[in-house]
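This report concerns only the one structure given below.
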């Protein structure tokens, strides 16, 4: 994503936050900038630490509330990591699913068009009206498969 795209992402996110009734405080702007410019998923503590560089009074509660609001607005996606920690990254355009490397943390979106039949069949069998879904697949990326595993201290 280019710098110009990051700027337009920032502006669009800030406008969405404001339209939803949020005040555009300096700490909230910093959180938006951090997420919009990140090339990887970040957890709340990482966002908090990065934000405090420019805004020492940034509170962790503000980070969590802003993340929750950005997720509600569909601007960021919560990523459930294998270790149970949540991270956040820019939501994809359209409907895509996520591949995550368990070793290096690399993430990649993929199209999940083939799931529509499964979802429809599941809905019919269960009686549920499926309203939304998300899919995350965990494994090892090509680079980590090619690299020897790190040595562990005994």
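Residue numbers (the working numbering): 627 to 780. Every residue gets a Cβ at the ideal spot worked out from N, C-alpha and C, and that includes glycine. Because the structure is a prediction, the values reported are computed rather than measured.
In the structure shown, the three-state DSSP call for residue 720 is coil. Within its own chain, no residue has a Cβ closer than 7 angstroms to the Cβ of residue 675 once the five positions on either side in sequence are excluded.
Closest option to residue 640, judged by alpha-carbon separation, among 667, 686 and 693: 693. About 7 angstroms separates the CB atoms of residue 723 and residue 762; that is less than 8 angstroms, so the two are in contact. With contacts defined by Cβ atoms closer than 9 angstroms, residue 715 and residue 661 form a contacting pair. By the neighbour-count criterion, in which 16 or more other beta carbons inside 10 Å mark a residue as buried, residue 703 falls on the buried side. For residue 696, the CB contacts under 6 angstroms within the same chain, skipping 5 residues up- and downstream, are 702 in chain order.
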